[in-house]
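The numbering of the sequence shown is the numbering used here, which starts it at 6 and goes up by one. Yeah, the Cβ is synthetic: ideal placement off N, Cα and C, and Gly gets one too. Scroll down for the structure; my scribbles are underneath it.
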Amino acid sequence: FFFLMIRRPPRSTQSRSSAASDVYKRQALQFYTRVGQVAKDNHLVVSLITIAGEQCKTDILSQVVDLTNGNVTRVNPKDLGKDFAEILKDEIIATGVEIEVQLHCGLKFAEENPAFLLNEGTLFKKAIGNVTLSSEYAFQYRLKEDEEMARDKIDLQLSLIHI
């Protein structure tokens, strides 16, 4: 468990040129993408906790959160103790979790990222990382438009793998 705080630069230094700002953002995205990949490879989940009302570079830091399937939580400065207690009580029950769902050939996933789809959209595979009792993952699927269903029932298979 670690904390990372990124503060805004003093107002006197905020007049960077647009090109310098773009270079900074590109380098930061590359750095946090590498950090996220290392965390994911080691079955770690990185979540971001921000103070409500404060600005931080969530668009950049979210690279780590997205890669590791973490959460972004905004806490109220007046309720820090209570908010942190809620975050910490959600105990991890499995690590290195992967989801694999195989649909009938007449079905396809409706809203999933194509990077996680195989077998013409009928197989979904994604590394989730750590899960808690409150972890959820939902799927949407639909009939393929140009194929007839050849069976009275549709087979659905779910496989959960954890370390």
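- With the rule of 3 Cβ pairs closer than 8 Å, the stretch 78-86 counts as touching the stretch 53-70.
- By the beta-carbon neighbour count (other beta carbons within 10 angstroms, threshold 16), K87 is exposed.
- DSSP, read as helix, strand or coil, puts T63 in helix.
- The stretch 21-41 makes contact with the stretch 61-70; the number of CB pairs closer than 8 Å reaches 3 or more.
- One Cα belongs to T127, the other to A120, and the distance between them is close to 13 Å.
- Our two residues, G134 and F36, have alpha carbons roughly 21 Å apart in a direct line.
- The residues V51 and T73, in chain order, have a CB closer than 6 Å to that of A44 in the same chain once the five nearest residues on each side in sequence are set aside.
- Under the DSSP definition of a beta bridge, F114 partners with Y146.
- The Cβ atoms of I97 and T55 lie no closer than 8 Å to each other.
- For I56, the pairing in a beta bridge is given by DSSP as V80.
- In the structure shown, V43 adopts helical secondary structure according to DSSP, grouped into three states.
- The straight-line gap separating the alpha-carbon atoms of F89 and L34 is approximately 27 Å.
- Shown here, L122 sits in a strand according to DSSP, grouped into three states.
- Assigned with DSSP and collapsed to three states, G101 falls in strand.
- At a Cβ-Cβ threshold of 8 Å, L122 and F114 count as neighbours.
- For the pair F129 and I92, the CB atoms are not nearer than the 8 Å cut-off.
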